[in-house]
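S.K.: The sequence shown begins at 216 in the working numbering and counts up one residue at a time. Every residue gets a Cβ at the ideal spot worked out from N, C-alpha and C, and that includes glycine.
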Amino acid sequence: MALGRETPRQRMIGILYLVLLALLALNVPDSILDAFKNINNSLETSKSNVNTAVQQLFAAFENTKLKEEPARAKPIYDKAKKAQAIIGELDKYILSLKEEFVKQGGGYDEEKGDLVKRENEDISPNMMINEKKGTVLKDKINDTRAKLLALLTPEEQKMVSFSLEAKNPEKSVNGKKSWEEINFGSGTPLTAAMTILTKIQTDAQNAESDVVKIILGKMDQAVVNLDKFAAVAVAPTSYLVQGQPYKAEVFLTASDSKSEPAISVNGSALQIVDGKGVYSVPTNREGIFSWTGVIKVKQTDGSFKEYRTPQQTYQVARPSAVVSPDKMNVLYIGVNNPISVSAPGTPTDKVHVNMSGGGSISSAGGGKYNVRVSSPGTTRISVSAEVAPGKTQTLSSTEFRVKRIPDPIAKFAGKTGGSMATVALKAQNALFAKLDNFDFDASFKVTKFTMILAKPRADAIVLSTSGGQLSSSMSSALNGIVPGTRVIFDNIVAVGPDGTSRQLNAVALTAN
Numbered sequence: 216m217a218l219g220r221e222t223p224r225q226r227m228i229g230i231l232y233l234v235l236l237a238l239l240a241l242n243v244p245d246s247i248l249d250a251f252k253n254i255n256n257s258l259e260t261s262k263s264n265v266n267t268a269v270q271q272l273f274a275a276f277e278n279t280k281l282k283e284e285p286a287r288a289k290p291i292y293d294k295a296k297k298a299q300a301i302i303g304e305l306d307k308y309i310l311s312l313k314e315e316f317v318k319q320g321g322g323y324d325e326e327k328g329d330l331v332k333r334e335n336e337d338i339s340p341n342m343m344i345n346e347k348k349g350t351v352l353k354d355k356i357n358d359t360r361a362k363l364l365a366l367l368t369p370e371e372q373k374m375v376s377f378s379l380e381a382k383n384p385e386k387s388v389n390g391k392k393s394w395e396e397i398n399f400g401s402g403t404p405l406t407a408a409m410t411i412l413t414k415i416q417t418d419a420q421n422a423e424s425d426v427v428k429i430i431l432g433k434m435d436q437a438v439v440n441l442d443k444f445a446a447v448a449v450a451p452t453s454y455l456v457q458g459q460p461y462k463a464e465v466f467l468t469a470s471d472s473k474s475e476p477a478i479s480v481n482g483s484a485l486q487i488v489d490g491k492g493v494y495s496v497p498t499n500r501e502g503i504f505s506w507t508g509v510i511k512v513k514q515t516d517g518s519f520k521e522y523r524t525p526q527q528t529y530q531v532a533r534p535s536a537v538v539s540p541d542k543m544n545v546l547y548i549g550v551n552n553p554i555s556v557s558a559p560g561t562p563t564d565k566v567h568v569n570m571s572g573g574g575s576i577s578s579a580g581g582g583k584y585n586v587r588v589s590s591p592g593t594t595r596i597s598v599s600a601e602v603a604p605g606k607t608q609t610l611s612s613t614e615f616r617v618k619r620i621p622d623p624i625a626k627f628a629g630k631t632g633g634s635m636a637t638v639a640l641k642a643q644n645a646l647f648a649k650l651d652n653f654d655f656d657a658s659f660k661v662t663k664f665t666m667i668l669a670k671p672r673a674d675a676i677v678l679s680t681s682g683g684q685l686s687s688s689m690s691s692a693l694n695g696i697v698p699g700t701r702v703i704f705d706n707i708v709a710v711g712p713d714g715t716s717r718q719l720n721a722v723a724l725t726a727n
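1) For Ser597 and Asp713, I'd like the C-alpha separation in whole angstroms.
2) Rounded to the nearest angstrom, how far is the Cβ of Gly573 from that of Ser590, given a contact under 8 Å?
3) Tell me whether the beta-carbon of Ile548 lies closer than 7 Å to the beta-carbon of Arg595.
4) Decide yes or no for the touch test of the stretch 652-671 against the stretch 689-709: beta carbon pairs closer than 8 Å, at least 3 of them.
5) Answer with buried or exposed for Lys262, where buried requires no fewer than 16 other C-beta atoms within 10 angstroms of its C-beta.
6) Just the Cα atoms here: how many angstroms apart are Gly581 and Pro553?
7) Residues bridged to Arg717 by DSSP?
8) Determine the DSSP secondary structure at Lys332, reduced to helix, strand or coil.
9) With 16 as the cutoff for other CB atoms within 10 Å, does Ile503 come out buried or exposed?
10) Suppose the cutoff is 7 Å on Cβ atoms and the five residues either side in sequence are ignored; what does the same chain contact list for Asn551 look like?
11) Taking one C-beta from the stretch 631-645 and one from the stretch 601-609 each time, how about it: are there three or more such pairs within less than 8 Å?
12) Taking only the alpha-carbon atoms, compute the straight-line gap between Leu719 and Lys626 and give it to the nearest angstrom.
13) Consult DSSP for Asp654 and reduce its assignment to one of helix, strand or coil.
14) Whole beta strand (DSSP E) runs in the stretch 560-614 with 3 or more residues, listed along the chain?
15) Under 7 Å, do Leu668 and Val702 count as touching if we go by C-beta distance?
16) Can you check whether the CB of Tyr522 is closer than 7 Å to the CB of Ile510?
17) Tell me which residue opens and which closes the alpha helix (DSSP H) that Glu370 is part of.
18) Who are the near neighbours of Val265 in its chain, counting only those whose CB is closer than 7 Å to its CB and skipping five residues on each side?
19) Alpha carbon to alpha carbon, what distance is there between Asn694 and Ile430?
20) Using a Cβ-Cβ cutoff of less than 8 Å, which residues in the same chain neighbour Val480 once the five nearest sequence positions on both sides are dropped?
21) Closest by CA to Leu352, which one among Lys327, Val317 and Lys313?
22) Short of 6 Å in beta carbon distance, which residues of its chain neighbour Ser686, apart from the five on each side in sequence? Order them along the chain.
23) Below 7 Å CB to CB, which residues in the same chain sit around Val438 once its five sequence neighbours on both sides are set aside?
24) Does the distance from the C-beta atom of Asn383 to that of Ser393 stay below 7 Å?
25) Are Thr410 and Ser339 closer than 7 Å when you measure CB to CB?
26) Taking the beta strand (DSSP E) that Gly633 belongs to, which residues open and close that run?
27) How many angstroms separate the CA atom of Thr205 from the CA atom of Ile478?
28) In the DSSP output, what is Lys491 paired with across the bridge?
29) Can you tell me which of the three DSSP states Lys318 falls into?
30) List the DSSP bridge partners of Arg523.
31) I'd like to confirm the pairing. Which residues does DSSP put opposite Gly502 in its beta bridges?
32) Please report how far the alpha carbon of Gly326 lies from the alpha carbon of Glu371, in whole angstroms.
33) With distances taken from CA atoms, which of Ala286, Pro290, Thr417 and Ala275 is nearest Ile260?
34) List the residues that DSSP assigns as beta-bridge partners of Leu678.
35) How far does the alpha helix (DSSP H) with Thr406 in it extend, from its first residue to its last?
36) I need the straight-line Cα distance from Leu305 to Tyr323, nearest angstrom please.
Below is the structure:
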């Protein structure tokens with residue numbers, strides 16, 4: 216069952232998977248075995264990243280929703296945990312298969328970073344086909360998929376798209392009629408079988424991520440009971456500077472638009488406008504203050520029903536400075552990080568901004584500043600003001616995290632994977648590193664990469680070069696591709712404005 220559109224990551228993994236299957240039919244040289252190893256390493260990294268993201272989702276939910284609304288959040292949390300447990304069972308079984316592969320494969324060769332018997336083509340078929348473990352794995356994959364989908368409603372199922380599925384082909388492939396024969400049958404090197412298992416684990420992690428996001432996202436869906444009343448108090452802020460008025464809205468949400476509630480705060484009636492009462496008091500003194508709103512609603516029988524807001528508190532303090540990042544709460548190395556600095560009640564020309572911990576800060580006017588940082592860690596930005604002639608007072612000192620710019624995404628002809636017209640592939644001459652969804656002006660330059668061409672029924676061609684442009688030998692080899700050729704770019708390294716080298720994702724394309 217296909218569910219929606221696949222993500223770019225899932226399409227890339229699918230293409231890599233097809234490349235592996237195509238290469239298994241060849242007399243596999245060491246260069247291809249190395250390519251399998253590199254793809255396996257990339258898949259392991261992707262799997263780890265997705266797992267980390269899922270753990271962060273749970274942690275954020277536990278620290279917010281589960282604490283704030285436990286009665287509503289607990290069933291949702293438990294269902295998401297069930298999805299995690301379902302994937303955990305499949306992952307545990309795959310790990311046991313990997314351990315057996317390692318055992319029968321003579322362990323790992325530290326020099327090659329791969330199995331000692333990585334080229335062995337008997338271990339995988341014997342274990343997965345003869346011992347029927349491939350059939351067991353196929354059943355577990357499909358059972359896991361069914362269990363995950365059962366956690367979602369039919370409408371939610373249309374929202375997900377994951378590759379976790381094991382189906383027999385409609386037509387035989389090189390004489391192989393079953394899913395397990397295609398993936399683990401005769402002619403499959405041990406290192407390729409290990410890569411396929413890692414690919415399945417990655418598919419499982421992606422499926423878990425998709426389902427968990429949908430389940431936990433239910434907490435953000437509005438819950439409206441139009442036949443019930445609820446008292447609501449909304450204040451723009453609970454922290455104010457002395458002299459700044461405090462305002463709060465006290466209103467009734469109801470399904471009856473004709474309702475005319477009576478609203479009071481601390482015994483004083485409020486003026487009602489559009490069903491809302493606005494509570495406003497002066498803030499001439501420092502301290503913490505509290506209040507409670509009361510809403511009285513006339514019932515159909517003429518009686519009144521009273522609703523009380525939870526106690527509201529606010530604090531009045533002396534003027535202080537605030538440092539807020541314009542784009543995010545992190546400073547990035549190699550780019551200008553714009554921040555805004557304000558000190559209520561203090562003229563801009565009396566405000567001074569300094570930083571410690573490595574880096575520099577320059578004024579852009581109007582309370583705007585550009586911050587440059589040079590090394591990961593933390594830095595502190597301090598704000599002081601001239602409160603009297605010759606007297607300077609520190610108003611605020613804020614610590615920022617300093618990080619490197621995220622890794623860009625490697626693209627060839629604007630794509631990270633999938634299929635492309637043969638003539639279009641031949642027309643390309645460079646590989647690019649792009650930063651998607653990054654708000655800062657930063658660019659990366661590819662410094663080296665490896666290109667692998669796998670033509671149908673031919674040995675693969677492996678070429679490497681420096682820079683982002685295709686070398687003459689690469690262009691010549693690319694001009695010789697035919698439909699069905701797999702074009703893979705791996706070992707991609709790029710350098711950004713911070714001067715560090717980044718190992719990027721592999722790009723796998725199929726000529727059609």
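M.R.: Taking the structure as given:
1) Approximately 25 Å, taken between the alpha carbons.
2) Sure, about 5 Å apart at Cβ, within 8 Å.
3) Taking 7 Å as the Cβ cut-off, Ile548 and Arg595 do not qualify as a contacting pair.
4) In short, these stretches touch, since the Cβ pair count reaches three.
5) Buried, since its Cβ has 16 or more Cβ neighbours within 10 Å.
6) Taking the CA atoms as reference points, Gly581 sits about 12 Å from Pro553.
7) Beta-bridge pairing links Arg717 to Ala709.
8) Reduced to three states, the DSSP call for Lys332 is coil.
9) The Cβ neighbour count for Ile503, taken over all protein chains shown within 10 Å, is under 16; the residue is labelled exposed.
10) Cβ neighbours of Asn551 beyond the five flanking positions: Asn585 and Arg587.
11) Counting Cβ pairs under 8 Å, fewer than three are found: no touch.
12) Going from the Cα of Leu719 to the Cα of Lys626 covers about 10 Å.
13) Reduced to three states, the DSSP call for Asp654 is coil.
14) Entirely contained in the stretch 560-614, the beta strand (DSSP E) runs reaching 3 residues are, in chain order, 566-571, 575-580, 583-587 and 592-603.
15) Contact: yes.
16) In contact: Ile510 and Tyr522 (Cβ atoms closer than 7 Å).
17) In the DSSP assignment, Glu370 falls within the unbroken alpha helix (DSSP H) covering Pro369 to Gln372.
18) Once the five neighbours on either side are set aside, the close Cβ partners of Val265 are Gln420, Asn421 and Ser424.
19) The alpha-carbon separation between Ile430 and Asn694 amounts to approximately 48 Å.
20) Around Val480, the same chain offers Val465, Gly492, Tyr494, Trp506, Thr507, Gly508 and Val509 as residues with beta carbons nearer than 8 Å, after the five sequence neighbours per side are excluded.
21) Looking at Lys327, Val317 and Lys313, the one whose alpha-carbon comes closest to that of Leu352 is Lys313.
22) Thr680, listed in sequence order.
23) Because the pLDDT at Val438 is just 37, under 50, the model does not fix this residue reliably, and the point stays unresolved.
24) In this structure, the beta-carbon distance from Asn383 to Ser393 falls below 7 Å.
25) At the C-beta level, Thr410 and Ser339 stay beyond 7 Å of one another.
26) Gly633 -> beta strand (DSSP E) spans Gly632 to Met635.
27) Since the first and last residues shown for the chain are 216 and 727, residue 205 lies out of range.
28) Bridge partners of Lys491: Phe466 and Val488.
29) Three-state DSSP puts Lys318 in a helix.
30) DSSP, once it has assigned bridges, lists Val509 as partnering Arg523.
31) The partner list for Gly502 (beta bridge, DSSP) reads Val531.
32) Note on residue identity: the sequence assigns Glu, not Gly, to residue 326. Cα to Cα, Glu326 sits roughly 47 Å from Glu371.
33) Reading the sequence as shown, one finds Thr at residue 260 and not Ile. Nearest neighbour of Thr260 by Cα position, chosen from Ala286, Pro290, Thr417 and Ala275, turns out to be Thr417.
34) Leu678 is bridged to Met666.
35) Where Thr406 is concerned, the enclosing alpha helix (DSSP H) stretches over Leu405 to Leu431.
36) Between Leu305 and Tyr323, the alpha-carbon positions lie close to 24 Å from each other.
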